[in-house]
Amino acid sequence: RIFKGSISEERLDELEEIMLKADMGPRTAVSIVDELREAYADGEIKEMSEVRDFLGNRLVDLLAQEENELNEAEKPPTVIMVAGVNGSGKTTTIAKLAHHFKNNLGKKVLLAASDTFRAAACEQLELWANRVGVEIVKHQSGADPAAVCFDAADAAVARGMDVLIVDTAGRLHTQTNLMKELNKIRRVVEKKIPGAPHEVLLVLDATVGQNGLVQSKEFSDAIQVTGLVLAKLDGTAKGGVVVSIKKELDIPVKLIGVGEKAEDLQPFDPADFVEALLE
Amino acid sequence: TLTESLSNIFRNLRGKGTISEKNIHEVMREVRTALLEADVSHKVLKTFLKDVTEKAIGQEVIKSIRPDQQIIQIVHEELVHLMGETDTKINLNQKRPTVIMMAGLQGSGKTTTCGKLARFLNKRQGMSPLLVAADVQRPAAIDQLQIIGKELGYPVYSEDGGRPQKICRRSIAYAEEHGNNVIIFDTAGRLHIDEPLMQELRDIVRLTAPDEIFLVCDAMLGQDAVNSASEFNKQLEISGIVFTKLDGDARGGAVMSIRAITGKPVKFVGVGEKLDKIEEFRPAGMADRILG
Ligand SMILES: Nc1nc2c(ncn2[C@@H]2O[C@H](COP(=O)(O)OP(=O)(O)OP(=O)(O)O)[C@@H](O)[C@H]2O)c(=O)[nH]1
Ligand SMILES: Nc1nc2c(ncn2[C@@H]2O[C@H](COP(=O)(O)OP(=O)(O)OP(=O)(O)O)[C@@H](O)[C@H]2O)c(=O)[nH]1
Ligand SMILES: [Mg+2]
Ligand SMILES: [Mg+2]
């Protein structure tokens, strides 16, 4: 057999640095570097020049998901709940989703303004609803968010809506009472509409570091997150924490936010994402 | 925790005989992993760990009874030293109302911090604040600031249409006419790579000569923190940094990274959504948090 010498540790260090800078986190980066070393030793990688491609393919396999589409209800309305920490991009993401369903797919969309806490949260969502051309259910500021959902679910059924999207207030997963509130909102929706919520999206800011993993775990424990939206990917942050999230929690990225306009939402493409991550 | 993993490493090393300088490097890998998990910038860590290693070797840590504790102590000292002296003073303008401009990435907490800072300056230093709604992009941004102003009982200057540059510039005359001695500009969130929007901030600086330019950053930022912060600093010459959402459990390594990269003082931290949730920055407390 051909002697090929040992793997270039220097090259592995370079690749580890790329992964670290992309927010993949030290443990995930090291475990992937170990996999590369092993693949080289086993002859799976024949030349050092193949290492980066192997890495790219490995990351794509990790991130790839059979069901990358948004879940749809068997009979309408499909209910999508959107949650996440403060300022991550939830309300804007909902505007983009509403625009997509209404203006690209011709669906009837209703928004539930369940952020009754933050200053001008309802006004913000209402302005978006008008801009995009969809209906909205909202209560007074300070109202019970679960009550808003309750009414919105009734309205969605009564008005024959195809999609109901629920906006929730930003909250930190360390705020136990607010995580309980989120769970209550989910249960209200479950009771009112069979099979709901059909999709529970956690919006992550692409600039988030390792706390993104903790957020995903805590939010998922509270409301069973079915997919991530990685917002603000139009910046310079790579959002590599989603690799650890997929690896450890098996939660896939379904959508990416690439700007502040209604059109700036795209389906998640693992190959594009990995290419940007490794450059 | 880092303390546990270091003491484990040294227990194993002692078991094998004497500890050498090579072992120090092994230990530094462990420190590196812990700080990377805390979101400290990979680039900042290279220099930081080199300094810590030199100190550890210089202090003959390998001869000490508890080398693990001594290393943690050195790391902690170096972290506190890097965080800098407490500097939470606001530059007051003696000739006209003091102008403070808030800037930063989308969703970092600028609008909320404007309200908090106004309240802080009013309650603590008896100042009379004017809030300026210079975010004309985001839907209901002006409403948001007006609701905050109303809740606190401070006036909000806004215009119905008009560019942020002009709004900021005209707010100074308004403040002078109404006896407000501190003006706080709430600007729209923007990407550091958005050239026209960064130009807009530079215009505001040129037209109003702010006494303070605060970069408002989310405490949960990861490795990209150094990129955005250094670009904002380069283009605006920021005078201080505010970190928000420190009431969460993000370790806050970005605080260390941004402080190291910009050399600018961290003046305040946001510790909750309510408008009284702002505190002056304490370097030692932050070092403890990052070390976990
Ligand atoms: N560049 C960019 N900005 C975005 C994106 N998504 C959201 N934003 C901006 O991020 C900021 C916060 O967005 P929101 O939609 O208000 O975030 P949120 O999660 O609803 O915030 P809270 O309700 O306060 O927790 C706004 O300035 C948005 O325009 C994105 O994909 N790219
Ligand atoms: N828990 C917590 N939430 C905060 C803190 N500071 C701000 N927030 C929340 O973070 C979210 C974003 O705050 P904003 O003040 O709207 O942020 P912004 O930077 O003005 O956003 P843009 O104008 O869209 O760029 C809101 O939900 C705030 O209530 C903080 O210190 N702790
Ligand atoms: Mg919102
Ligand atoms: Mg704002």
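Protein sequences appear in the order of chains C and S. Sequential numbering of the first sequence, starting at 1, is according to this note's numbering. Sequential numbering of the second sequence, starting at 1, is according to this note's numbering. Backbone N, C-alpha and C fix where the C-beta goes; we use that ideal spot for every residue, glycine too.
For a cutoff of 7 Å on Cβ pairs, would you count residue i as touching chain C?
i, result
"Glu-280 (chain S)", "no"
"Ile-261 (chain S)", "no"
"Thr-33 (chain S)", "yes"
"Ile-184 (chain S)", "no"
"Asp-143 (chain S)", "yes"
"Met-220 (chain S)", "yes"
"Ile-258 (chain S)", "no"
Residue i versus chain S: which residues are under 9 Å apart at the beta carbon?
i, result
"Leu-20 (chain C)", "Leu-36, His-42, Gln-223"
"Lys-232 (chain C)", "Leu-105, Gln-106, Gly-107, Leu-191"
List the residues of chain C that residue i touches, going by C-beta distances under 9 Å, in chain order.
i, result
"Met-102 (chain S)", "Correct list: empty, because the minimum Cβ distance to chain C is about 14 Å."
"Glu-296 (chain S)", "Chain S is shown only over 1 to 292; residue 296 (chain S) falls outside these bounds and no answer can be derived."
"Glu-30 (chain S)", "Neighbours of Glu-30 (chain S) on chain C: none; closest Cβ ~10 Å, over 9 Å."
"Glu-26 (chain S)", "Residues of chain C passing the Cβ test: none, with the nearest at roughly 14 Å."
If we define contact as Cβ-Cβ less than 7 Å, is residue i a contact residue for chain S?
i, result
"Gly-235 (chain C)", "yes"
"Leu-15 (chain C)", "no"
"Ala-280 (chain C)", "Lying before the first or after the last residue shown, residue 280 (chain C) is absent from chain C, which here runs from 1 to 279."
"Gly-209 (chain C)", "yes"
"Arg-1 (chain C)", "Model confidence at Arg-1 (chain C) stands at a pLDDT of 46, short of 50, so the residue's coordinates are unreliable and nothing is read from them."
"Gln-266 (chain C)", "no"
"Leu-201 (chain C)", "no"
"Thr-176 (chain C)", "no"
"Ala-119 (chain C)", "yes"
"Leu-63 (chain C)", "no"
"Phe-124 (chain C)", "First, the amino acid is wrong: residue 124 (chain C) is Gln here, not Phe. With 7 Å as the cut-off, Gln-124 (chain C) counts as an interface residue toward chain S."
"Asp-115 (chain C)", "no"
"Leu-12 (chain C)", "no"
"Leu-127 (chain C)", "yes"
"Leu-172 (chain C)", "yes"
"Asp-154 (chain C)", "no"
"Asp-23 (chain C)", "yes"
Kindly indicate which three-state DSSP category residue i falls into: helix, strand or coil?
i, result
"Met-24 (chain C)", "coil"
"Asp-51 (chain S)", "helix"
"Gln-106 (chain S)", "coil"
"Glu-195 (chain S)", "helix"
"Arg-1 (chain C)", "Unreliable placement is indicated for Arg-1 (chain C), whose pLDDT of 46 sits below 50; no coordinate value is reported for it."
"Asp-144 (chain C)", "coil"
"Pro-67 (chain S)", "helix"
"Gln-224 (chain C)", "coil"
"Phe-185 (chain S)", "strand"
"Phe-101 (chain C)", "helix"
"Glu-279 (chain S)", "strand"
"Val-136 (chain S)", "coil"
"Gly-13 (chain C)", "Reading off the sequence, residue 13 (chain C) comes out as Asp, not Gly. The answer is helix: DSSP assigns Asp-13 (chain C) an H, G or I state."
Does the Cβ-Cβ distance between residue i and residue j come in under 7 Å?
i, j, result
"Ala-153 (chain C)", "Val-200 (chain C)", "no"
"Asp-186 (chain S)", "Cys-114 (chain S)", "yes"
"Pro-26 (chain C)", "Thr-33 (chain S)", "yes"
"Lys-108 (chain C)", "Met-179 (chain C)", "no"
"Ala-39 (chain C)", "Gly-240 (chain C)", "no"
"Val-203 (chain C)", "Val-242 (chain C)", "no"
"Asp-39 (chain S)", "Gly-292 (chain S)", "no"
"Leu-110 (chain C)", "Glu-74 (chain C)", "no"
"Gly-257 (chain C)", "Ala-231 (chain C)", "yes"
"Val-31 (chain S)", "Pro-283 (chain S)", "no"
"Asn-93 (chain S)", "Asp-211 (chain S)", "yes"
Could you list which residues in chain C have their beta carbon closer than 7 Å to that of residue i, in chain order?
i, result
"Asp-39 (chain S)", "Gly-209, Gln-210"
"Asn-227 (chain S)", "Thr-236"
Using a cut-off of 8 Å between C-beta atoms, extract the partners of residue i located in chain C.
i, result
"Ala-254 (chain S)", "Gly-209"
"Ile-147 (chain S)", "Ala-119, Ala-120"
"Glu-159 (chain S)", "Correct list: empty, because the minimum Cβ distance to chain C is about 18 Å."
In chain S, which residues lie less than 8 Å from residue i when you measure between Cβ atoms?
i, result
"Val-241 (chain C)", "Gly-222"
Closer than 7 Å by beta-carbon distance: list the chain S residues that pair up with residue i, in chain order.
i, result
"Val-134 (chain C)", "Within 7 Å Cβ-Cβ: nothing; Val-134 (chain C) doesn't reach chain S, min ~14 Å."
"Val-214 (chain C)", "Asp-249"
Check each residue of the segment 128-141 of chain S: if its Cβ is closer than 9 Å to any Cβ of chain C, include it; give the result in chain order. Gln-137, Arg-138, Pro-139, Ala-140, Ala-141
At a Cβ cut of 9 Å, what residues of the segment 80-112 of chain C count as close to chain S, listed as they run along the chain? Val-85, Asn-86, Gly-87, Ser-88, Gly-89, Thr-91, Thr-92, Ala-95
Please list the residues of the segment 26-38 of chain C that have a C-beta atom closer than 7 Å to any C-beta atom in chain S, keeping them in chain order. Pro-26
Counting only Cβ-Cβ distances shorter than 8 Å, please list the residues of the segment 231-249 of chain S near chain C, keeping chain order. Lys-245, Asp-247, Gly-248, Asp-249
Taking beta-carbon pairs under 7 Å, can you tell me which members of the segment 187-199 of chain S lie near chain C? Leu-191, Ile-193
Residues of the segment 83-111 of chain S whose Cβ lies closer than 9 Å to any Cβ of chain C, in chain order: Leu-105, Gln-106, Gly-107, Ser-108, Gly-109, Thr-111
Closer than 8 Å, Cβ to any Cβ of chain C: which residues of the segment 266-277 of chain S, in chain order? Glu-273
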